[in-house]
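Numbering (the numbering used here), first residue to last: 424 to 606.
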Amino acid sequence: MVNGGIVNNSMCFNFSRNVQDSVARGFVMSLPRCTFNTEPILPIYTARPDHVERALKTRYSEAMTKLKGKEVDLLIVILPDNNGSLYGDLKRICETELGLVSQCCLTKYVFKMSKQYLANVALKINVKVGGETLCWLMHCQDVYRLSLVSDRPPIIFGADVTHPHPGEDSSPSIAAVRYHLPG
424 MVNGGIVNNS MCFNFSRNVQ DSVARGFVMS LPRCTFNTEP ILPIYTARPD HVERALKTRY
484 SEAMTKLKGK EVDLLIVILP DNNGSLYGDL KRICETELGL VSQCCLTKYV FKMSKQYLAN
544 VALKINVKVG GETLCWLMHC QDVYRLSLVS DRPPIIFGAD VTHPHPGEDS SPSIAAVRYH
604 LPG
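So, in structure tokens, the structure goes:
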């Protein structure tokens with residue numbers, strides 16, 4: 424990581440009936456602490472997938488009351504491996520209604536809890552909370568001297584699209600675009 428993002432206030436939801444609270448807590452606490460200042464502000468909340476909207480809004484309200492004007496920086500969500508429209512519903516509610524940054528993790532990976540998976544999740548979280556994982560300019564010191572097209576620094580775009588599972592007709596594809604303009 425180049426410039427780590429900071430997570431001061433996080434929450435965790437567990438929508439998988441196969442993951443016990445102790446396993447969910449162990450998973451959250453095993454994420455690399457490089458971006459997390461504290462453990463979740465509220466105990467891990469276990470909810471049924473068909474109650475996603477009510478559970479998110481109720482728990483978010485409780486967190487905001489506890490934080491007294493501060494924001495929730497991150498929501499970690501444990502999903503069942505076969506989650507139907509839950510992923511799309513959750514992302515829609517978090518991003519469009521609550522303004523929450525979320526990171527979803529499937530049950531099968533929560534149980535494995537490999538160091539590689541935890542590191543990859545930490546990198547994804549870092550970018551989502553405004554950190555930088557790589558500064559390619561460090562590796563290309565002369566990039567500003569390269570004037571193939573212009574004498575100005577280049578703008579860099581990145582994009583990602585998440586598609587619903589095959590046969591899942593009720594969830595849309597979700598696209599994200601990010602840019603970086605050096606200088």
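All C-beta atoms, glycine included, are put in the ideal place defined by N, C-alpha and C.
request  = Check the DSSP bridge columns for Ile499 and list the partner residues they point to.
outcome  = Cys435 and Gln526
request  = Check the DSSP bridge columns for His654 and list the partner residues they point to.
outcome  = Residue 654 is absent from the model: the chain starts at 424 and stops at 606.
request  = State the Cα-Cα distance for the pair Gly449 and Leu479, rounded to the nearest angstrom.
outcome  = 22 Å
request  = Give the secondary structure of Ile429 by DSSP, where H, G and I count as helix, E and B as strand, and everything else as coil.
outcome  = coil
task = Measure the CB-CB distance between Ile548 and Gln526 and report whether it falls below 8 Å.
result = yes
Outcome for Phe438 when other beta-carbon atoms lying within 10 angstroms are tallied against a minimum of 16 = buried
request  = Taking the CB atoms as reference points, tell me whether Ile516 and Glu485 lie closer together than 8 Å.
outcome  = no
Asn543 versus Glu555 - alpha carbon distance = 14 Å
ask   = Which residue from Tyr532, Ile464 and Gly428 puts its Cα closest to that of Asp504?
value = Tyr532
message = If the criterion is Cβ atoms closer than 8 Å, does the pair Leu497 and Ser453 meet it?
response = no
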